[in-house]
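The structure appears below as structure tokens.
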Amino acid sequence: MVTVHREAGLRFIIFVDDHEPAHVHVIGDGTAKINLTGPSGEPELVYNDGFKAGEEGDADRGRAAGVSAGEMERISWLN
């Protein structure tokens, strides 16, 4: 397990022997898995477990997706 990015209280990790498609696991108040390139070419949320529901949780999920989009090129290179 390698932490590839930290931002806004979130930790983005990859497992070096993990399966395709390229993705990151996000750890914060909950956990999430985000494919780096979904069908639309943008990061795609695969699952969310434990991020708070409601406005604050939506902000956390949005922040995770936004950071993934911003870091996608660098993180993709690491995968």
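When we follow this note's numbering, the leftmost residue of the sequence shown carries the number -8, and every step to the right adds one.
Here a beta-carbon is modelled for each residue, glycine too, at the ideal position from N, C-alpha and C.
Predicted model, so just to flag it, every value in this text is computed and none were measured.
Less than 9 Å between the C-beta atoms of Gly0 and Thr22, yes or no?
Counting from 1 along the sequence shown, the entry for residue 0 is found at position 9. Counting from 1 along the sequence shown, the entry for residue 22 is found at position 31. Taking 9 Å as the cut-off, the Cβ atoms of Gly0 and Thr22 do not count as close.
task: Please name the residue in Ser31, Leu27, Met(-8) whose C-alpha comes closest to that of Asp9.
output: Locating residue 9 in the sequence shown gives position 18, counting from the first residue. The option with the nearest alpha carbon to Asp9 is Met(-8).
Practice task
Go ahead and label Phe3 buried or exposed: buried means 16 or more other beta carbons lie within 10 angstroms of its beta carbon, across all protein chains shown.
Solution key: Along the sequence shown, read from residue 1 onward, the residue named residue 3 stands at position 12. When all chains shown are included, Phe3 counts as buried.
Check your understanding: If we count the other Cβ atoms within 10 Å of its Cβ and call it buried at 16 or more, is Pro34 buried or exposed?
Key -> For the purposes of this step, residue 34 is taken as the residue at position 43 of the sequence shown. So Pro34 ends up on the buried side.
**Message:** Could you compute how far the alpha carbon of Ile18 sits from the alpha carbon of Ser31?
**Reply:** Mapped onto the sequence shown, residue 18 falls at position 27. Mapped onto the sequence shown, residue 31 falls at position 40. A direct Cα-Cα distance of roughly 24 Å separates Ile18 from Ser31.
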